[in-house]
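**Student:** Dropping the structure in here first, questions after.
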Amino acid sequence: MTNSADTAVDDPHTRRILDLVARGEARSRSELAASLGVAASTVGLRVQSLLDAGVLREAGDGTSRGGRRPRVLQIAADGFVLSADLGGGHARIGRHSLSGALLDSESIAVDVTEGPQATLDRLAVVFDRLLSSGRIHAIGISLPGPVDISTGSVDQPSRMPGWPGFRVGEHLSARYGVPVAVDNDANLAALGEHRERFGHTGHSITVKAGTAIGSGIIVDGHVHRGATSAAGDITHTRIDGSGDIPCSCGNTGCLETVASGASLVRQMRERGNDAVRTTTDVLSLARDADPLATTLVRTAGTHLGQALSGVVNFFNPHAVFLTGSMSASEPFIAAVRSRVYEACHPLATQRLRIESAATGADAILHGAARLALEGMDIPVAAA
Ligand SMILES: [Zn+2]
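In this text, residue positions in the sequence shown follow our numbering: the first is 219, and each later residue adds one.
Dropping the structure here:
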């Protein structure tokens, strides 16, 4: 993220004020002070900052309780944040209100192997067009693979030549003059789904199960990245009985080798199904009740459930959300669920929800917008 130190990005009251107004849970300064349990002056300063920044606006008069009628606070309707979900071969771009709601989105073809400059130029064509719709306050962008969020750059030399060390956040921030938040796809999918379901509280894990498997962890409504940004790397969990297949990480028997979409394609082809080329091919065969495809999808779900059971016992989340192409398969989700319930302690599962993500294919855009909103430049007026 590219935030200067004198802004309110990490000011919890500012963040909560914006959230309460966005959710319609507080409409005036006095309601905000009551909800937050802080002094009216504390709220007043921050509301003024949000008004000055064009994030909130005052509208009409609220209902009087005897004295002067309070001004009603609303999220400014002419302000937006932009989000982008960059994949290997395509990118999705979203435009969001300042409450985080996704207003519209579109997909474009990109090729990350062209390098960061050319790829980001393609994104910029769409961003430039969206700039005309109103004032853009911040941008959030998801990169595929490990991301160093302190520099806003990707660390994936093999699949993304030219990208390591390139500061994506700074590059876009210089171009658009707004703060740019950068993180990886799994963390942002987790943040996007969690905030839609639970807001700023609660704990969850979101697993992105598609051609590859990744996961993001949310603790108390915020992304848990760990000491070296490696938290949530479930894909290299060793699975007993997985057949010791070599993994891209150099070990054998990782979850990725038996439960990823890529591994299902490989297993179908090993058994003579040469027409199968993508995860979608396997899933559509399973939908048509092909016995081998169905068995492989179920087994993949059982393996993922096995890997998750240790995490669920240890972390005790409120929910496990599944996103990515595999999450569209009901037999896959059913297998994950039954393995987790079977293998976990009842205390860890008594209120646990295991569901496909409600934000679906837009989870990452939602998360990128949430992170962008938290990175907005809103100077707090001095007391
Ligand atoms: Zn591995």
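A virtual CB, placed ideally from N, CA and C, is assigned to each residue, including glycine.
Report yes or no: do the region 581-592 and the region 393-401 share at least 3 C-beta pairs separated by less than 8 Å?
**Tutor:** Touching, yes.
**Student:** Is Ser466 near ligand 1 - that is, is its Cβ less than 7 Å away from at least one heavy atom of it?
**Tutor:** Numbered from its first residue, the sequence shown carries residue 466 at position 248. It does: the Cβ of Ser466 is within 7 Å (strictly closer) of some heavy atom of ligand 1.
**Student:** For Gly278, does the three-state DSSP call read helix, strand or coil?
**Tutor:** In the sequence shown, counting from the first residue as 1, residue 278 sits at position 60. Residue state, collapsed to three classes: strand.
**Student:** Where do the N-terminal and C-terminal ends of the beta strand (DSSP E) with Thr424 fall, by residue?
**Tutor:** Indexing the sequence shown from 1 puts residue 424 at position 206. Thr424 -> beta strand (DSSP E) spans Ser422 to Ala427.
**Student:** Could you check where the beta strand (DSSP E) with Leu321 kicks off and where it finishes?
**Tutor:** Residue mapping note: residue 321 aligns to position 103 of the sequence shown, counting from 1. Leu320 to Ala327 is the extent of the beta strand (DSSP E) around Leu321.
**Student:** Let me check you understand the geometry: is the CB of His521 closer than 7 Å to at least one non-hydrogen atom of ligand 1?
**Tutor:** The sequence position of residue 521 within the sequence shown is 303, counting from 1. Outside the cutoff, so no.
**Student:** Beta carbon of Asn405: closer than 7 Å to some heavy atom of ligand 1?
**Tutor:** For the purposes of this step, residue 405 is taken as the residue at position 187 of the sequence shown. No, the Cβ of Asn405 stays beyond 7 Å of every heavy atom of ligand 1.
**Student:** So, with DSSP's three-state summary, where would you put Leu591?
**Tutor:** Residue numbering aside, residue 591 sits at position 373 when the sequence shown is read from its first letter. DSSP places Leu591 in helix when its eight states are reduced to three.
**Student:** Tell me whether the beta-carbon of Gly410 lies closer than 8 Å to the beta-carbon of Leu583.
**Tutor:** Counting from one through the sequence shown, the residue named residue 410 turns up at place 192. Counting from one through the sequence shown, the residue named residue 583 turns up at place 365. Yes, Cβ-Cβ distance for Gly410 and Leu583 is below 8 Å.
**Student:** DSSP three-state label for Leu300, please.
**Tutor:** As a working mapping, residue 300 is identified with position 82 in the sequence shown. Of the three classes helix, strand and coil, the one that applies to Leu300 here is strand, per DSSP.
**Student:** Can you tell which of Leu321, Arg234, Thr520 and Thr369 has its C-alpha closest to the C-alpha of Ala553?
**Tutor:** Here residue 553 is taken as the residue at index 335 of the sequence shown, counted from 1. Cα-wise, what sits closest to Ala553 is Thr520.
**Student:** Output the residue ranges of the beta strand (DSSP E) runs that lie fully inside the region 350-375 and measure 3 residues or longer, sorted by chain position.
**Tutor:** Segments of the beta strand (DSSP E) lying fully in the region 350-375: 353-361.
**Student:** Does DSSP put Pro288 in a helix, a strand or coil?
**Tutor:** Residue mapping note: residue 288 aligns to position 70 of the sequence shown, counting from 1. Note: Pro288 maps to coil in three-state DSSP.
**Student:** To the nearest angstrom, report how far apart Gly428 and Glu388 are at their CA atoms.
**Tutor:** In the sequence shown, the residue the question calls residue 428 occupies position 210. In the sequence shown, the residue the question calls residue 388 occupies position 170. Going by the C-alpha atoms only, they are around 30 Å apart.
**Student:** Expressed to the nearest angstrom, what Euclidean distance is found between the alpha-carbon atoms of Ser323 and Glu573?
**Tutor:** Taking the sequence shown and counting its residues from 1, the one referred to as residue 323 is at position 105. Taking the sequence shown and counting its residues from 1, the one referred to as residue 573 is at position 355. Roughly 24 Å between the two C-alpha positions.
**Student:** Taking the continuous alpha helix (DSSP H) assigned at Val239, which residues delimit it?
**Tutor:** The sequence position of residue 239 within the sequence shown is 21, counting from 1. Val239 -> alpha helix (DSSP H) spans Pro230 to Ala240.
**Student:** Quick one: give me the first and last residue of the alpha helix (DSSP H) that His412 is part of.
**Tutor:** What you label residue 412 is simply residue 194 of the sequence shown in a count that begins at 1. It spans Asp403 to Phe416 - the alpha helix (DSSP H) in which His412 sits, taken as one unbroken run.
**Student:** Any heavy atom of ligand 1 inside 7 Å of the beta-carbon of Glu573?
**Tutor:** Mapped onto the sequence shown, residue 573 falls at position 355. No, since every heavy atom of ligand 1 falls outside the 7 Å radius drawn around the Cβ of Glu573.
**Student:** Going by the DSSP bridge assignment, what does Cys472 pair with across the sheet?
**Tutor:** Here residue 472 refers to the residue found at position 254 of the sequence shown. According to DSSP, which records beta bridges pairwise, Cys472 is partnered with Arg456.
**Student:** At a cut-off of 7 Å, would you count His454 as near ligand 1, judging by its Cβ distance to the nearest heavy atom?
**Tutor:** Along the sequence shown, one-based indexing puts residue 454 at 236. His454 Cβ: within cutoff of ligand 1.
**Student:** Ligand 1 and Cys472: does any heavy atom of the ligand fall closer than 7 Å to the residue's C-beta?
**Tutor:** Working through the sequence shown from its first residue, we reach residue 472 at position 254. Yes, Cβ of Cys472 sits closer than 7 Å to a heavy atom of ligand 1.
**Student:** Would you list the one or two residues that DSSP bridges to Ile551?
**Tutor:** Here residue 551 corresponds to residue number 333 of the sequence shown, with the count starting at 1. Answer is none; Ile551 lacks a bridge partner.
**Student:** Among the residues of its own chain, which have a CB less than 7 Å from the CB of Thr498, if the five just before and after it don't count?
**Tutor:** Numbered from its first residue, the sequence shown carries residue 498 at position 280. Hits under 7 Å: Ser543.
**Student:** Helix, strand or coil for Pro382 per DSSP?
**Tutor:** Your numbering for residue 382 matches position 164 in the sequence shown. It is coil, neither helix nor strand.
**Student:** Just reading off the beta strand (DSSP E) that Glu573 is part of, what are its end residues?
**Tutor:** Position 355 of the sequence shown holds residue 573. Counting along the chain, the beta strand (DSSP E) containing Glu573 begins and ends at Arg571 to Ser574.
**Student:** Comparing C-alpha positions only, which one of Gly383, Gln485 and Ser376 sits nearest to Ser466?
**Tutor:** Locating residue 466 in the sequence shown gives position 248, counting from the first residue. Nearest C-alpha to Ser466: Ser376.
**Student:** Of the residues Leu300, Leu269 and Arg557, which one's Cα is nearest the Cα of Val290?
**Tutor:** As a first step, residue 290 must be located in the sequence shown, where it is residue number 72. Selected option, being the one with the closest Cα: Leu269.
**Student:** On a CA-only basis, which of Tyr394, Val365 and Gly395 is nearest Phe384? Give me that one, please.
**Tutor:** Against the sequence shown, residue 384 aligns to sequence position 166. Out of Tyr394, Val365 and Gly395, Val365 has the C-alpha closest to the C-alpha of Phe384.
**Student:** Ala576 to Ser422, Cα distance in whole Å?
**Tutor:** Walking along the sequence shown from the start, residue 576 turns up at place 358. Walking along the sequence shown from the start, residue 422 turns up at place 204. Cα-Cα distance, rounded: 14 Å.
**Student:** Can the beta-carbon of Val437 be found closer than 8 Å to that of Met378?
**Tutor:** For the purposes of this step, residue 437 is taken as the residue at position 219 of the sequence shown. For the purposes of this step, residue 378 is taken as the residue at position 160 of the sequence shown. No. Outside cutoff.
**Student:** When you measure from the CB of Asn491 to every non-hydrogen atom of ligand 1, does any distance come out below 7 Å?
**Tutor:** Here residue 491 is taken as the residue at index 273 of the sequence shown, counted from 1. No - ligand 1 has no heavy atom lying nearer than 7 Å to the Cβ of Asn491.
**Student:** Based on the DSSP output, what are the partners of Arg310 in its beta bridges?
**Tutor:** Here residue 310 corresponds to residue number 92 of the sequence shown, with the count starting at 1. Asp303 and Ser325.
**Student:** Assign Ser466 to one of three DSSP states: helix, strand, or coil.
**Tutor:** Your numbering for residue 466 matches position 248 in the sequence shown. In the structure shown, Ser466 sits in coil (DSSP, three-state: anything other than H, G, I, E or B).
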